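Next up, the structure:
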């Protein structure tokens, strides 16, 4: 599969210098760009078929998906009661949010409003301030991009999910504030108070590593069980995906208290 994708990318490179591209060539260029993004995704274990997939499953009737604004606002709200550390990453060759954020601190009670352009696909890792961010944290994963399987391949569609596939640091819930604060994805349960992270999975930096991160299991590990189907708790926990449900221009992801 990798060799096929690389072959498409190589052929696509021949299109760049042409003055006029045929419809077939134009479509191949778009598909190759999506494949290239997947091949160069960042290193956190991620949801399978989720918001960063080239063609995520629709969670509404795709014929009802309307064109949204050219810029999407992603609000990251700190309701944890203490400062948070954040690390932003995006797929290669996708445009950066406003300010091209990398890493930073989100003070208690504050909101970070990111202006997301069409074509973006990326993720945000979140941990309690003072703890390092490695590869075991709670993640917000999203994309704002035309999708190959949509009825109109030129409409940018918002896909979003909360992922605990890598691990759990803090609860996160994403909603659609301009549509009655409609729930989209995520789990508000503080797993630290409901279960005990096995000693072999606690990373010493405020996160419980998910033992099913690279597993074919179709059920969450015990620590993650209360959030199954709400956030991705194993790679194919696809009920946690929202794709095409919030085209009104703003996604709000709220972080709640954890460890």
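Residue numbers (my numbering): 18 to 276. Ideal Cβ positions, reconstructed from N, Cα and C, are used throughout, including at glycine. None of these values were measured; they are calculated from a predicted model.
In the DSSP output, which residue or residues are listed as bridge partners for residue i?
i	result
residue 158	140 and 178
residue 260	176
residue 94	128 and 271
residue 185	225
residue 203	190
residue 145	101
Could you give the first and the last residue of the continuous alpha helix (DSSP H) run that contains residue i?
i	result
residue 208	208-211
Could you check which residue in the options has the C-alpha nearest to that of residue i?
i	options	result
residue 249	181, 219, 264 and 227	181
residue 276	124, 154 and 135	154
residue 96	220, 207, 233 and 224	207
residue 241	270, 186 and 233	186
residue 256	264, 272, 263 and 247	247
residue 223	243, 144 and 273	144
residue 215	227, 205 and 204	227
residue 84	271, 230, 233 and 163	163
residue 243	267, 142 and 210	210
residue 89	165, 79, 199 and 115	115
Less than 7 angstroms between C-beta atoms, sequence neighbours within five positions excluded: which residues of the same chain meet that for residue i?
i	result
residue 160	68, 69, 137, 138 and 176
residue 98	125 and 274
Could you tell me if residue i is buried or exposed, where buried requires 16 or more neighbouring beta carbons within 10 angstroms of its beta carbon?
i	result
residue 147	exposed
residue 130	exposed
residue 38	Note that residue 38 scores 37 on pLDDT, short of 50, meaning its location in the model is unreliable; the coordinates nonetheless yield the value given after this. So residue 38 ends up on the exposed side.
residue 197	exposed
residue 43	In this predicted model, residue 43 has a pLDDT of only 36, less than 50, meaning its place in the structure is not dependable enough to derive any value.
residue 81	exposed
residue 262	buried
residue 166	exposed
Where do the ends of the beta strand (DSSP E) carrying residue i lie?
i	result
residue 122	120-123
Excluding five sequence neighbours on each side, which residues of the same chain lie with their C-beta closer than 6 angstroms to the C-beta of residue i?
i	result
residue 253	65
residue 194	267 and 269
Which same chain residues end up closer than 8 angstroms to residue i when comparing Cβ atoms and leaving out the 5 residues on each side of it in sequence?
i	result
residue 112	134, 135, 136 and 137
residue 179	155, 156, 157, 158, 189, 190, 191, 202, 203, 204, 247, 248, 249, 257 and 270
residue 264	82, 83, 84, 85, 174 and 175
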